[in-house]
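Student: The sequence shown begins at 107 in the numbering used here and counts up by one. Built from N, CA and C at the ideal position, the CB exists for glycine as well. Keep in mind the model is a prediction, meaning the values are calculated, not measured.
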Amino acid sequence: MTQSVVIAGAGHAAGQTVVSLRQKGFDGQIVMVGEEPYPPYQRPPLSKKFLAGEIELERILLRQARYYEDHDIELRLSTRVEAIDREQKRALLGNGDRVPYDHLVIATGSQVRRLDIPGHGLRGVNYLRTVDDVLRIRESFSAGKRLVVIGGGYIGLEVAAVAVTHGLDVTVLEVLDRVMSRVVAPEVSAFFENIHREAGVKIRCGASPAAEFVGRDHVDTVLLGDGQEMPADLVLIGVGIVPNVELAATAGLQCDNGIVVDEFCRSSDPSILAVGDCTNHPNSLLGCRLRLESVHNAQEQAKTAAATLCGDPKPYAQIPWFWSDQYDVKLQIVGLSGDQDEIAVRGDPATRSFAVFYLRDGKLIAVDAINRPREFMLAKKLIAAGAEFSRHALEDSTVGFKQLAANTLA
Ligand code: FAD
């Protein structure tokens, strides 16, 4: 029986793991070790309301600090787990402490992919992953400043939306031919490019890659590979993330684009589990292995790991979902698109409310819902059930979607 659990990392997945452990009645010792100075918090608001200054830190904490005291959870913040001694079953901390465990849960998340080009260390060149990153960005987030966003993915676009709303002069540079091209159909990219342009953001797709950040000690120009110069008071780089696997890899755990775990979140060492962004896990509903970067996955894997640790194992089987907020538009994505052979568009993008359905051999595999919560909610069930549709039926708005879904599921 497990008496002590140590969690490496104190982010979303870690926070949910400890909550689920106590909810399931685990009464052994829990030690959660995180390198950031804050208790577990939600990252999505960092590029949305927290960046906009509309909510403060307390509002984004997963649980208030009292919760951990009240539930006898030892929080060691501003502390890294430097190594794992698997033989002795001890976590080795940055301050020299050695913390014994029966089970260790690795919840180290991911880190931003860095652009190591000349001038990358200049002040004003920013990434966005943590509360501290936002506090730094906010210092120079004022009307009239020129912001160059490198990368037209979710984070870059969410920051662009907040920034232009605050009166900054915003340019987004995307090297590919459309924004969010990795995750959405061209119709959805075109819609988001339009709403940003309408708001005053300069979106430049097919841009030459940034080659250098220029300035004395603070950036003042972004130099592109084709020689163009973009004046900048502030730069935000959002070019993806990489999973934090060093701790696991150094300890000899199997890693392959993430820490390899089974459907119960167990790594190649049965005493060590892993959850969240850092994992490569199987998805029986989709019939493949995945590494996901989403709150839903962090939460659900945490619940799975807690169940495994409490001797009540339940395999992780979830249809992935994700969201992004830009201006008044909520994009909700369910399922995984990419190998569709057909898409159907329901509704008119000009109304700022429509949904794109991705079909493979007539089977629904993913939906992008833009201000369409009903389609999003029903799509979760439809994808899990392997529902089949014709493109015509999906595009026919004279039949309500609830009705269409009910007919299909019947
Ligand atoms: P993290 O939350 O990254 O937590 C990992 C923690 O472990 C970090 O605090 C890290 O510092 C710490 N750590 C790493 N190594 C060590 C070590 N050796 N010792 C101790 N501590 C360590 N997802 C959505 O679904 N919707 C959204 O709208 C959305 N928006 C986002 C916006 C932003 C700006 C960001 C950055 C992310 C967003 N995400 C969104 C993604 C989502 O936040 C992540 O998928 C989620 O936080 C993953 O949780 P995690 O616990 O696996 O990792």
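What does a CB cutoff of less than 7 Å around V124 pick up in its chain, not counting 5 residues either side in sequence?
Tutor: Position 18 of the sequence shown, counted from the start, is the residue given in the question as residue 124. Once the five neighbours on either side are set aside, the close Cβ partners of V124 are I113, I136, M138 and I179.
Student: Is A119 near ligand 1, judged by its Cβ being under 6 Å from some heavy atom?
Tutor: To locate residue 119, count along the sequence shown from 1; it is residue 13. Yes; taking the cut-off as 6 Å, the Cβ of A119 has a heavy atom of ligand 1 nearer than that.
Student: Taking 6 Å as the cut-off, is the beta-carbon of V187 closer than that to any non-hydrogen atom of ligand 3?
Tutor: Of the ligands this structure carries, namely ligand 1, none is ligand 3.
Student: How about D375 and L359: are their beta carbons less than 7 Å apart?
Tutor: Taking the first residue of the sequence shown as position 1, residue 375 is located at position 269. Taking the first residue of the sequence shown as position 1, residue 359 is located at position 253. Cβ distance < 7 Å, so D375 and L359 count as in contact.
Student: Within the same chain, show all residues whose beta-carbon is closer than 7 Å to that of P349, passing over the 5 residues directly before and after it, in chain order.
Tutor: On the sequence shown, residue 349 is found 243 positions in, with the first residue counted as 1. So the list reads S216, G364, D383, C384 and R397, once near-sequence residues are dropped.
Student: Which runs of the beta strand (DSSP E) fall wholly inside the region 331 to 401 and span at least 3 residues, in chain order?
Tutor: Listed in chain order, they are 335 to 337, 340 to 343, 347 to 349, 378 to 380, 385 to 389 and 394 to 396.
Student: Straight-line CA distance for T236 to Y260?
Tutor: What you label residue 236 is simply residue 130 of the sequence shown in a count that begins at 1. What you label residue 260 is simply residue 154 of the sequence shown in a count that begins at 1. Whole-angstrom Cα-Cα distance: 16 Å.
Student: As an exercise, report each continuous alpha helix (DSSP H) stretch of at least 4 residues that is fully enclosed by the region 292 to 337, in chain order.
Tutor: 292 to 305, all fully within the region 292 to 337.
Student: Mind reading off the beta-carbon distance from V111 to V211? Whole number of angstroms is fine, and I expect it under 8 Å.
Tutor: Taking the first residue of the sequence shown as position 1, residue 111 is located at position 5. Taking the first residue of the sequence shown as position 1, residue 211 is located at position 105. The Cβ separation is near 6 Å, so the contact holds.
Student: With a threshold of 16 other CB atoms inside 10 Å of the CB of E280, please say whether the residue is buried or exposed.
Tutor: As a position in the sequence shown, residue 280 is number 174, starting the count at 1. Its Cβ being crowded by 16 or more others within 10 Å, E280 is buried.
Student: Return the chain-ordered list of same chain residues with a C-beta closer than 6 Å to the C-beta of G257, the five sequence neighbours on each side being excluded.
Tutor: Sequence index remark: in the sequence shown, residue 257 carries index 151 (1-based). Excluding positions up to five away in sequence, the list reads G344 and V345.
Student: Expressed to the nearest angstrom, what Euclidean distance is found between the alpha-carbon atoms of I301 and P206?
Tutor: On the sequence shown, position 195 is the one that residue 301 refers to. On the sequence shown, position 100 is the one that residue 206 refers to. About 53 Å.
Student: Cα separation between F132 and P146?
Tutor: The residue you call residue 132 lines up with position 26 of the sequence shown. The residue you call residue 146 lines up with position 40 of the sequence shown. Rounded to the nearest angstrom, the two C-alpha atoms are 20 Å apart.
Student: Grab the span of the beta strand (DSSP E) containing E529 for me, first residue to last.
Tutor: Since the first residue shown for the chain is 107 and the last is 516, residue 529 is missing from the structure and cannot be characterised.
Student: Distance, Cα to Cα, P292 vs T108?
Tutor: On the sequence shown, residue 292 is found 186 positions in, with the first residue counted as 1. On the sequence shown, residue 108 is found 2 positions in, with the first residue counted as 1. Between P292 and T108, the C-alpha separation is close to 50 Å.
Student: Can you tell which of E406, H324 and I439 has its C-alpha closest to the C-alpha of Q424?
Tutor: Translated into the one-based positions of the sequence shown, residue 424 becomes position 318. Checking every option, the nearest Cα to that of Q424 belongs to E406.
Student: So, at 7 Å on beta carbons, what are the nonlocal neighbours of L437 in its own chain, with the 5 sequence-adjacent residues on each side left out?
Tutor: In the sequence shown, residue 437 corresponds to position 331, counting from 1. The answer, listed in chain order, is W429, S430, D474 and I476.
Student: What span of residues does the alpha helix (DSSP H) with Y464 cover, start to end?
Tutor: As a first step, residue 464 is located in the sequence shown; it is residue number 358 there, counting from the start. Run containing Y464: none in the alpha helix (DSSP H); it sits in the beta strand (DSSP E), S459 to R466.
Student: Would you say the beta carbon of I471 comes nearer than 6 Å to a heavy atom of ligand 1?
Tutor: Along the sequence shown, read from residue 1 onward, the residue named residue 471 stands at position 365. No, ligand 1 has no heavy atom inside 6 Å of this Cβ.
Student: Examine ligand 1 and report whether any of its heavy atoms sits within less than 6 Å of the Cβ of G441.
Tutor: As a first step, residue 441 must be located in the sequence shown, where it is residue number 335. Checking every heavy atom of ligand 1 against the Cβ of G441, none is found closer than 6 Å.
Student: CB-CB under 7 Å to H324, same chain, minus the five flanking residues each way: which ones, in chain order?
Tutor: Here residue 324 refers to the residue found at position 218 when the sequence shown is read from its first residue. Result list for H324: L228, R229 and G230, in chain order.
Student: Residues in its own chain within less than 7 Å of Y517 by CB, not counting five upstream and five downstream?
Tutor: The structure shown does not extend to residue 517, since the chain is modelled only from 107 through 516, so no value can be given for it.
Student: Threshold first: 3 residues or longer. Then list the beta strand (DSSP E) segments lying entirely within the region 433 to 508, N to C.
Tutor: For the region 433 to 508, whole beta strand (DSSP E) runs of length 3 or above, ordered along the chain, are 435 to 441, 448 to 454, 459 to 466 and 469 to 476.
Student: Buried or exposed: T271, going by 16 or more other Cβ atoms within 10 Å of its Cβ?
Tutor: On the sequence shown, residue 271 is found 165 positions in, with the first residue counted as 1. By the neighbour-count rule (16 or more Cβ atoms within 10 Å), T271 is not buried but exposed.
Student: Would E501 and K469 be called neighbours here (beta carbons separated by less than 7 Å)?
Tutor: Translated into the one-based positions of the sequence shown, residue 501 becomes position 395. Translated into the one-based positions of the sequence shown, residue 469 becomes position 363. Not a contact, by the Cβ cut-off of 7 Å.
Student: Could you give the residue range of the beta strand (DSSP E) that holds H209?
Tutor: Locating residue 209 in the sequence shown gives position 103, where the first residue counts as 1. Where H209 is concerned, the enclosing beta strand (DSSP E) stretches over H209 to I212.
Student: Is it right to say K508 is buried, meaning 16 or more other beta carbons lie within 10 angstroms of its own, or is it exposed?
Tutor: Mapped onto the sequence shown, residue 508 falls at position 402. Looking at its Cβ environment, which holds fewer than 16 other Cβ atoms inside 10 Å, K508 is exposed.
Student: Just confirm the distance between the C-beta atoms of V320 and L329, as a whole number of angstroms; I'd bet it's less than 8 Å.
Tutor: Taking the first residue of the sequence shown as position 1, residue 320 is located at position 214. Taking the first residue of the sequence shown as position 1, residue 329 is located at position 223. Contact holds; Cβ gap of about 6 Å.
Student: So is N386 buried or exposed if we call it buried at 16+ other beta carbons inside 10 Å?
Tutor: Here the question's residue 386 lines up with position 280 in the sequence shown. Result: buried.
Student: Output needed for V307: all residues of its chain with C-beta closer than 7 Å, excluding positions within five of it in sequence on either side, in chain order.
Tutor: Position 201 of the sequence shown, counting from 1, holds the residue named residue 307. Only A266, V270, V276 and V278 meet the Cβ criterion.
Student: Return the chain-ordered list of same chain residues with a C-beta closer than 6 Å to the C-beta of L253, the five sequence neighbours on each side being excluded.
Tutor: On the sequence shown, position 147 is the one that residue 253 refers to. So the list reads A269, L274, V276 and L340, once near-sequence residues are dropped.
Student: Can you list, in chain order, the residues of its chain whose CB lies under 8 Å from that of V294, leaving out five sequence neighbours each side?
Tutor: By one-based count along the sequence shown, residue 294 stands at place 188. M286, L437, V462, D474 and I476.
Student: Considering only DSSP beta bridges, list what R229 is partnered with.
Tutor: Locating residue 229 in the sequence shown gives position 123, counting from the first residue. According to DSSP, which records beta bridges pairwise, R229 is partnered with H324.
Student: Consult DSSP for D176 and reduce its assignment to one of helix, strand or coil.
Tutor: The sequence position of residue 176 within the sequence shown is 70, counting from 1. Looking at D176 - three-state DSSP - the assignment turns out to be helix.
Student: Would V325 pass as an interface residue toward chain C - the criterion being a Cβ-Cβ separation below 7 Å?
Tutor: The chain labelled as chain C is not found in the depicted structure, where only one protein chain is given.
Student: Since N191 is in the beta strand (DSSP E), which residue starts that stretch and which ends it?
Tutor: Within the sequence shown, the letter at position 85 stands for residue 191. In the sequence as displayed, the identity of residue 191 is Asp instead of Asn. Counting along the chain, the beta strand (DSSP E) containing D191 begins and ends at V187 to D191.
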